[in-house]
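Heads up: the sequence shown runs through residues 3 to 369, numbered per my numbering. By construction, the Cβ of each residue, glycine as well, lies at the ideal position given by its N, Cα and C atoms. None of these values were measured; they are calculated from a predicted model. In what follows, a structure is listed as structure tokens, so that the remarks can point back to it.
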Amino acid sequence: MKKIMTVFGTRPEAIKMCPLVNELRSREGITVTVCVTAQHREMLDGVLHTFGVAPDIDLDIMEDGQSLFDVTEEILRRFRSVLETEHPDLVLVHGDTTTAMSAALACYYLRIPVGHVEAGLRTYDTESPYPEEFNRRAVEIISSYDFAPTEEARSNLLREGKPDERIFVTGNTVIDALGTTVRNDYSHPELDAAAGRKIVLLTAHRRENIGEPMRRMFRAIRRTAEEHENVLIIYPVHPNPDVRRQAHESFDGCKNVCLTEPLDVVDFHNFMAHSYLILTDSGGIQEEAPALGKPVLVMRDTTERPEGVAAGTLRLVGTEENKIYSEFSRLLDNPREYARMSHAYNPYGDGHASQRIADAVEEILGS
Ligand code: UD1
Ligand code: UDP
């Protein structure tokens, strides 16, 4: 029996890996071991619970205010012992987190093959996003098999010399996840209370934005909120203490900006489906919102998801106050502009990415 191990540790990795774990576990002829690093704790546990995935191994590394050194060192050390005990035939990592990079490095040191899920995304700027662009490129120096969500991602890998026969274009498992979370009959007291107002969903957590860029972003959003009383901004704040401090300093006392705890993924996806537009510096939300037909103002200078920009549903607005203020106000005040951006567009597959990846894994393992 071939042994496959998946390893992930943060909320976005869990949302995109749980559908794959469940698919792999339904296949005969392979054993699946789920190792979580718990680079995130509550945010990870909530997703595992929602998708009914119980980890076999939990490295439990998260510390409050952890640095990149802490995360890298702890994972390398603890994951090494796991690999030496379990000897998997293939390890699957996801995306661009320090969990993915450190776990892949441990595999490389022990000469265990790595498959990279969500491979080939690029900004070609290692400062943006930081450190994610480095992480995903480092993983792909190591990975033997790459699961690219789109043809564009595949082209990036080919241009960098990765062998065509080891790249599988599968779609993104985030669409598989949306298929199980978004519900027609969804309701929530907070959405009921907001009836008649335009809901704007806001998230912001990128490391390179913490400090002055985030202050500028939040000033722009507060100015716009104060000029539009018919808008309710819902901001589930990331638990990073630096982000929390910044969010409260910027928004306390503003009556139509509502700061909440991070939402459970089912709530978040359905809040997205009920929102008017989305402001974010997140990666995954750039894939989900276009699929739901929601315009997104991306508060970053670069994106590794050019498909949504080309389609017109994502707009890169950077982190300058006046630019965000004018783009946000324009979308709220100009219905024609809003209509141009609010069509559904999904370049990320048909919701069967997990099946394609599991088929490829079976082929790779010869099972
Ligand atoms: C990480 C990823 C980033 C991803 C993000 C998703 C890296 C370098 N960064 O960044 O790519 O976009 O996750 O959210 O891998 N915390 C909690 N509880 C939690 C999660 C986090 O309290 O469940 C707090 C802790 O104080 C922790 C801090 O948030 O130290 C930062 O978490 P960390 O994983 O280091 O960085 P993120 O900004 O979440
Ligand atoms: N998300 C969530 N609850 C929230 C905010 C976001 O479940 O309160 C989900 C969102 O739908 C997406 C993922 O978390 O699937 C994005 O995570 P994040 O923005 O933290 O990371 P990134 O994608 O930028 O790496």
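Thinking C-alpha only, which one of the options is nearest residue i?
i           : options               : result
residue 235 : 210, 247, 268 and 277 : 277
residue 200 : 335, 349, 177 and 8   : 335
residue 67  : 300, 332 and 244      : 244
residue 180 : 45, 9, 294 and 161    : 294
residue 285 : 275, 168, 308 and 269 : 308
residue 315 : 306, 289 and 327      : 289
residue 73  : 254, 48, 103 and 97   : 103
residue 313 : 340, 8, 345 and 149   : 345
residue 140 : 107, 23, 267 and 305  : 107
residue 120 : 110, 109, 137 and 111 : 137
residue 50  : 17, 155 and 28        : 17
residue 363 : 327, 147 and 265      : 147
residue 109 : 135, 134, 142 and 126 : 142
residue 5   : 305, 160, 94 and 154  : 94
residue 151 : 368, 125, 352 and 291 : 352
residue 347 : 226, 310 and 366      : 310
residue 220 : 197, 256 and 198      : 256
residue 331 : 155, 305, 229 and 70  : 229
residue 304 : 161, 292 and 318      : 318
residue 233 : 333, 160 and 159      : 333
residue 134 : 320, 306, 365 and 3   : 306
For ligand 2, is there any heavy atom lying closer than 7 angstroms to the beta carbon of residue i?
i          : result
residue 53 : no
Expressed to the nearest angstrom, what Euclidean distance is found between the alpha-carbon atoms of residue i and residue j?
i           : j           : result
residue 164 : residue 214 : 38 angstroms
residue 261 : residue 239 : 6 angstroms
residue 355 : residue 329 : 34 angstroms
residue 322 : residue 223 : 11 angstroms
residue 41  : residue 12  : 6 angstroms
residue 193 : residue 349 : 29 angstroms
residue 20  : residue 53  : 6 angstroms
residue 80  : residue 61  : 7 angstroms
residue 28  : residue 259 : 44 angstroms
residue 211 : residue 144 : 29 angstroms
residue 9   : residue 22  : 12 angstroms
residue 357 : residue 25  : 6 angstroms
residue 241 : residue 360 : 33 angstroms
residue 326 : residue 7   : 42 angstroms
residue 98  : residue 183 : 23 angstroms
residue 269 : residue 14  : 15 angstroms
residue 254 : residue 75  : 37 angstroms
residue 123 : residue 342 : 26 angstroms
residue 56  : residue 44  : 14 angstroms
residue 231 : residue 65  : 39 angstroms
residue 78  : residue 63  : 11 angstroms
residue 218 : residue 126 : 25 angstroms
residue 105 : residue 59  : 14 angstroms
residue 48  : residue 264 : 10 angstroms
residue 216 : residue 160 : 36 angstroms
residue 324 : residue 273 : 27 angstroms
residue 287 : residue 100 : 19 angstroms
Less than 7 angstroms separating the Cβ of residue i from some heavy atom of ligand 1?
i           : result
residue 242 : yes
residue 349 : no
residue 57  : no
residue 46  : yes
residue 262 : no
residue 64  : yes
residue 49  : no
residue 73  : yes
residue 248 : no
residue 42  : yes
residue 215 : no
residue 338 : no
residue 306 : no
residue 99  : yes
residue 209 : yes
residue 357 : no
residue 129 : no
residue 134 : yes
residue 70  : yes
residue 320 : no
residue 67  : yes
Ligand 4 heavy atoms versus the CB of residue i: any closer than 7 angstroms?
i           : result
residue 221 : Ligand 4 is not among the ligands present in this structure, which contains only ligand 1 and ligand 2.
* **Segment contact, 8 angstroms Cβ cut-off, at least three pairs: the region 86–101 with the region 30–41** => The region 86–101, when compared against the region 30–41, does touch it at the 8 angstroms Cβ threshold.
* Go through the residues and name those whose CB comes closer than 6 angstroms to any heavy atom of ligand 2, in chain order. => 13, 14, 17, 205, 207, 238, 264, 265, 267, 270, 271, 284, 285, 286, 287 and 290
* Asked: Does the pairing of the region 199–219 with the region 272–287 give three or more beta-carbon distances under 8 angstroms?
  -> yes
* When the Cβ atoms of the region 165–185 are set against those of the region 127–138, are three or more pairs found closer than 8 angstroms? -> no
* Determine, using beta-carbon pairs with one atom in the region 115–129 and one in the region 71–88, whether at least three such pairs fall under 8 angstroms. => Using a C-beta cut-off of 8 angstroms, the region 115–129 makes no contact with the region 71–88, since fewer than three inter-stretch Cβ pairs fall below that distance.
* Stretch-stretch touch, CB-based, cutoff 8 angstroms, three pairs: the region 173–192 with the region 249–259 -> no
* Asked: Is there contact here, the region 180–194 with the region 296–310, by at least three beta-carbon pairs under 8 angstroms?
  -> no
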